[in-house]
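Accompanying notes for the structure given below.
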Ligand SMILES: Nc1ncnc2c1ncn2[C@@H]1O[C@H](COP(=O)(O)OP(=O)(O)OP(=O)(O)O)[C@@H](O)[C@H]1O
Ligand SMILES: [Mg+2]
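In my numbering, the protein residues as written are 80 to 434.
Quick look at the structure:
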């Protein structure tokens, strides 16, 4: 997957810009608050997912403007493509002249992986971030999984609201049975897909992490759930009385976690800053690898502000590892990165781009 041209109009602080990146390493540098992350975000949106900053659509539009328009020319193994995204009160997308039902329909068309500093929270924070990571990765890999993920969230909301009423009205217990069945069906599908993903992730991540740490540490993953796969129905039944009392659903994939370990020790609990950072980067590079193996298309890699936080040997490993694919690296000080990377450099100043 190669981006050949990006155009932005009315997007965040970016001026009306056109950018023609090279096929390998593109360095985007500039002082703070000039628009580097905004540019990475613009490319990211063509993957069809929500902003990696968790921004609402409205926040993407330049203050004082009515709408934002993005245009991306990219090449995959089959053809040249042109995609457009318009953000107004909603997000619309057009691919090769055909209007799509919505921006999420771009998922699987343009494949992209982003590392942003906030991704560190996947290591440091509670389980919800890890669940979101794995569900996003699963959906990107298997777009059909978006349906059970959405269904699960919907039924879970219904069940939780039903739990509030069931104490007063036991006639609702029948409905609870129905919801439990639906919840289990979607839930077990999600758990299976997550475990399949972890099974694919582990060996690839291990290889990358070994390189990143020069063979000093071994990364591992463990899926943590209160019940065995296939036993969610029983677990829900066992927890029902407690769930009714607490008015919330205590078992299911929305409560599961993925433990990440280095040399069999939890990184979250015991890892150093550098180890946490390295794990997060390794996870992202692995995600790219898995996408490539599954789709045959090498995803575009966006590394927002990552190099400055790593020591030279880890920086070098990343730059060597990402050869033969297109990458966008944002940084304030291009010095070290430039020296080893070559490629094309762009300076961003006040939303304008120069090269
Ligand atoms: N919708 C918007 N309209 C206008 N300006 C915006 C909008 N959203 C964000 N900005 C501004 O864009 C500027 C650049 O943001 P961005 O995050 O891209 O900076 P950056 O170059 O990545 O900086 P840093 O090096 O600090 O990460 C910020 O000053 C921000 O206030
Ligand atoms: Mg930034």
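Positions of the beta carbon are idealized from the N, C-alpha and C atoms, including for glycine.
query                                                                                            : result
Residues passing the C-beta test against ligand 2 heavy atoms, cut-off 7 Å                       : 115, 116, 383, 384, 409
Cβ shell of residue 394 (< 6 Å), same chain only, five flanking positions each side left out     : 386
Residue 106 versus residue 91 - alpha carbon distance                                            : 20 Å
Coil, strand or helix - residue 110 by DSSP                                                      : coil
Inter-residue spacing [alpha-carbon to alpha-carbon] between residue 127 and residue 314         : 35 Å
Segments assigned alpha helix (DSSP H), at least 4 residues, entirely inside the segment 122-147 : 136-139
Backbone secondary structure at residue 306 - three-state DSSP                                   : coil
Residue nearest to residue 85 in terms of C-alpha spacing, selected from 330, 120, 109, 113      : 120
Residue 141: CB within 7 Å of a non-hydrogen atom of ligand 1                                    : yes
Closest Cα partner of residue 271 within the set 186, 142, 171, 311                              : 311
Beta-carbon proximity check, residue 269 vs residue 153, cutoff 8 Å                              : no
Exposed unless 16 or more other CB atoms sit within 10 angstroms - verdict on residue 137        : exposed
For residue 115, the three-state DSSP class (helix, strand or coil)                              : helix
Cβ neighbour criterion (16 or more within 10 Å) applied to residue 303                           : exposed
For residue 328, the three-state DSSP class (helix, strand or coil)                              : coil
6 Å Cβ shell around residue 162 - same chain, five flanking residues per side excluded           : 125, 151, 174
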